[in-house]
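Numbering (the working numbering), first residue to last: -15 to 181. Glycine residues also receive a C-beta, built at the ideal position from the N, C-alpha and C atoms. Accompanying notes for the structure given below.
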């Protein structure tokens, strides 16, 4: 479920606890957790909005406010023209993204290095040719460069390149910037620990 920056800030500070979406079927379930730029957001409820006698979904002033909207009319206008029923989705801030602490952990012992090496080797084996170290070195050498340019440097399309970098991010080795990426402290420590191969 896509959430814009304003909504995410509201979820983080507790002023936004609802979102409204038009769906033919619900696309999230209660308990779903989504990592976002502000941290982890959890879905606390998913309910179809009842219709009034004129067939218009019934959204209260309070619900609109809790969704960060000025009025029920703004809620309805935002989903106008889309197919499906209107759903009210309860949201809460569920804490910091656990990858943040992982990225910062640059105190790698031999077991940590071996575990990372094993995970990267598995990724490499699943591809036509090894790529993980080359990507880490590329991101280290060119922080803040747009993904399209980095992808061209390794002969890939942007979207598959970004998927691979996200896999490195899951291991805490890279982090996203407003533009491009950079190596995390953990990623830099791993490269240093394995510099001789």
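With a CB to CB cut of under 7 Å and the five nearest residues on each side skipped, what residues in its chain are close to residue i?
i: residue 51; result: 0, 2, 3, 4, 59
On the criterion of 16 or more Cβ atoms from any shown chain inside 10 Å, does residue i qualify as buried, or is it exposed?
i: residue 159; result: buried
i: residue 48; result: buried
i: residue 29; result: exposed
i: residue 180; result: exposed
i: residue 14; result: exposed
i: residue -2; result: exposed
i: residue 116; result: buried
i: residue 199; result: Since the displayed the chain opens at -15 and closes at 181, residue 199 lies outside it and no answer follows.
i: residue 72; result: buried
i: residue 43; result: buried
For residue i, which three-state DSSP category applies?
i: residue 41; result: strand
i: residue 3; result: strand
i: residue 54; result: coil
i: residue 86; result: helix
i: residue 69; result: strand
i: residue 123; result: helix
i: residue 31; result: strand
Can you tell me where the beta strand (DSSP E) holding residue i begins and where it ends?
i: residue 158; result: 158 to 160
i: residue 151; result: First-last for residue 151: 142 to 154, but that is the alpha helix (DSSP H), not the beta strand (DSSP E).
i: residue 20; result: 17 to 20
For residue i, which residues of its own chain have a beta-carbon under 6 Å away from its beta-carbon, when the five flanking residues on both sides are left out?
i: residue 152; result: 158
i: residue 124; result: 167
i: residue -7; result: none
i: residue 69; result: 32
Could you give the C-beta distance for residue i and residue j, rounded to a whole number, given that I count them as a contact under 8 Å?
i: residue 55; j: residue 45; result: 7 Å
i: residue 87; j: residue 127; result: So it is not a contact: roughly 14 Å between Cβ atoms.
i: residue 26; j: residue 78; result: 4 Å
i: residue 92; j: residue 173; result: 5 Å
i: residue 24; j: residue 17; result: 5 Å
i: residue 11; j: residue -15; result: 6 Å
i: residue 19; j: residue 81; result: 5 Å
i: residue 156; j: residue 83; result: 6 Å
i: residue 178; j: residue 97; result: 7 Å
Note down, in chain order, each residue of its chain lying with its Cβ closer than 8 Å to the Cβ of residue i, except the 5 sequence neighbours on either side.
i: residue 66; result: 6
i: residue 39; result: none
i: residue 176; result: none
i: residue 122; result: 134, 137, 138
i: residue 132; result: 142
Tell me which residue opens and which closes the alpha helix (DSSP H) that residue i is part of.
i: residue 103; result: 94 to 109
i: residue -3; result: -11 to -3
i: residue 133; result: 131 to 137
i: residue 170; result: 169 to 177
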